[in-house]
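Asks:
In the numbering used here, the protein residues as written are 3 to 416.
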């Protein structure tokens, strides 16, 4: 059985961010097919071990701390780590530890969770596939946030990002729009379409239409989007609705000496079970208007059979969902109007309860979401590791028409 290593410092077992959920599902589906090992860039205490074990990943997946290999003398060739971009963030001990670990326990492929630790790929020996999980096109996200006066947590320009991505055998893209960006803007052929994956849930009960839900982590796009909704859209709804806000985003409104409140808005904070607020709601909202990548909260809502009202940014990568329960609003009046229409029409909400999960099953089921990655690893994981330029065209051809469809929308954003 092929051995796959995922390198990360993210506590992805915590249900706090959509990005955590994506890594959880990626790990779960990799563990179904391969022998999975997590190389964790933090110490592992009893609580961490218990949380990881509670994921119940298939196939005996394991987690190991870099601390078990710390203090090794670096013996790798510096390539990515020489880039000026990593000068302030590089931790040589991480790379040296991974190098030592891979010498002891070789792997067919190593997946690095996010661009900020991409330099650690210098640890991979010849013949090991190096794969970067982008999550977003970070240079595009940087520009989007800067235009809104916000600072990106991972700030990078396009030429530097292209240079980093080009050094990997494969790059995981979370949306078809990001695939188009990699191919058309960066001119790279190493993109692999691996969106978020989720299981759908039946929705047998259609409620009153008056209960809204927003689930999000404490990120600037979530905070500014929710602020805009509460200040610009909420007053237009006439006090007839309840909004349940769930997740760490609540702290931005409730923490500190002057917590903010709005009539009808309930800030629940983080919750372990995110299915419950989706099950109790009638309509989901996603008012995020900056950022990038796929908006996981929209996919989760549709998977639960909920109609979802969002912005053009929130709908990025979800064009087909507009026929299956996703409504795109381009102004505060459109946003309020969409909510009011859905609230007044049980038939529309009942239709979404059927169509939305069907769309998610086709595009975001675990099997559909990871098909291209499994196909790639299944081919490139043979004894004669071939360059990515030879392994990906067969996969790329299968989705080229979808990429071409999205390319026009990507170029229109210039």
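The beta-carbon is built from N, C-alpha and C at its ideal position, and this holds for glycine as well.
In this structure, does DSSP put residue 61 in helix, strand or coil?
Replies: On the chain shown, residue 61 is found 59 positions in, with the first residue counted as 1. Residue 61 falls in the helix class under three-state DSSP.
Asks: Alpha carbon to alpha carbon, how far is residue 255 from residue 261? Give it in angstroms, no decimals.
Replies: The sequence position of residue 261 within the chain shown is 259, counting from 1. The sequence position of residue 255 within the chain shown is 253, counting from 1. Approximately 6 Å, taken between the alpha carbons.
Asks: Quick one: measure Cβ to Cβ for residue 138 and residue 166, integer angstroms, because I've assumed they're closer than 8 Å.
Replies: Walking along the chain shown from the start, residue 138 turns up at place 136. Walking along the chain shown from the start, residue 166 turns up at place 164. Actually they do not touch by this definition, with Cβ atoms about 14 Å apart.
Asks: Using the Cβ count rule (16 or more neighbours within 10 Å means buried), how would you classify residue 80?
Replies: Walking along the chain shown from the start, residue 80 turns up at place 78. So residue 80 ends up on the exposed side.
Asks: Would a C-beta distance cut-off of 8 Å place residue 178 and residue 198 closer than the cut-off?
Replies: Stepping through the chain shown from its first residue, residue 178 is reached at position 176. Stepping through the chain shown from its first residue, residue 198 is reached at position 196. No, they are not a contact pair.
Asks: Excluding sequence positions up to five away, which residues of its chain have a Cβ less than 7 Å from the Cβ of residue 264?
Replies: Here the question's residue 264 lines up with position 262 in the chain shown. Here the set comprises 232 and 236.
Asks: Taking DSSP as the reference, what is the three-state secondary structure of residue 379?
Replies: One-based indexing of the chain shown puts residue 379 at position 377. Of the three classes helix, strand and coil, the one that applies to residue 379 here is helix, per DSSP.
Asks: Is residue 44 buried or exposed, if buried means 16 or more other CB atoms sit within 10 Å of its CB?
Replies: As a position in the chain shown, residue 44 is number 42, starting the count at 1. Residue 44 comes out exposed.
Asks: Using the beta-carbon count (16 or more within 10 Å), is residue 180 buried or exposed?
Replies: The residue you call residue 180 lines up with position 178 of the chain shown. Looking at its Cβ environment, which holds 16 or more other Cβ atoms inside 10 Å, residue 180 is buried.
Asks: Could you check whether residue 46 and residue 67 sit closer than 8 Å to each other, using their CB atoms as the reference points?
Replies: Taking the chain shown and counting its residues from 1, one reaches residue 67 at position 65. Taking the chain shown and counting its residues from 1, one reaches residue 46 at position 44. Yes, these two residues count as a Cβ contact at 8 Å.
Asks: Does DSSP put residue 418 in a helix, in a strand, or in coil?
Replies: Nothing about residue 418 can be read from this structure; the chain reaches only from 3 to 416.
Asks: Where does the unbroken alpha helix (DSSP H) through residue 291 begin, and where does it stop?
Replies: Your numbering for residue 291 matches position 289 in the chain shown. Taken as a continuous stretch (DSSP letters only), residue 291 belongs to no alpha helix (DSSP H), as it is neither H nor E.
Asks: So residue 301 packs on residue 366, CB below 8 Å; how close in whole Å?
Replies: Here the question's residue 301 lines up with position 299 in the chain shown. Here the question's residue 366 lines up with position 364 in the chain shown. Sure, about 6 Å apart at Cβ, within 8 Å.
Asks: Just mark residue 124 as buried or exposed, buried being the case when its beta carbon has 16 or more other beta carbons within 10 Å.
Replies: Here residue 124 refers to the residue found at position 122 of the chain shown. It counts as buried.
Asks: Is it buried or exposed, residue 3, if we count other Cβ atoms within 10 angstroms and call 16 or more buried?
Replies: Here residue 3 refers to the residue found at position 1 when the chain shown is read from its first residue. Exposed is the call here.
Asks: Given that a residue counts as buried once 16 or more other Cβ atoms are within 10 Å of its Cβ, and exposed if not, what is residue 72?
Replies: Mapped onto the chain shown, residue 72 falls at position 70. Exposed.
Asks: Would you call the stretch 130–150 in contact with the stretch 110–121, where contact means no fewer than 3 C-beta pairs closer than 8 Å?
Replies: In short, these stretches touch, since the Cβ pair count reaches three.
Asks: Leaving out the 5 sequence neighbours to the left and right, which residues in its chain are closer than 8 Å to residue 105 when beta-carbon positions are compared?
Replies: In the chain shown, counting from the first residue as 1, residue 105 sits at position 103. So the qualifying residues of the chain are 127.
Asks: Considering only DSSP beta bridges, list what residue 134 is partnered with.
Replies: For the purposes of this step, residue 134 is identified with residue 132 of the chain shown, where counting begins at 1. According to DSSP, residue 134 bridges with 114 and 173.
Asks: Quick check: the stretch 302–319 against the stretch 236–249, are at least 3 beta-carbon pairs closer than 8 Å?
Replies: Verdict: no, contact absent.
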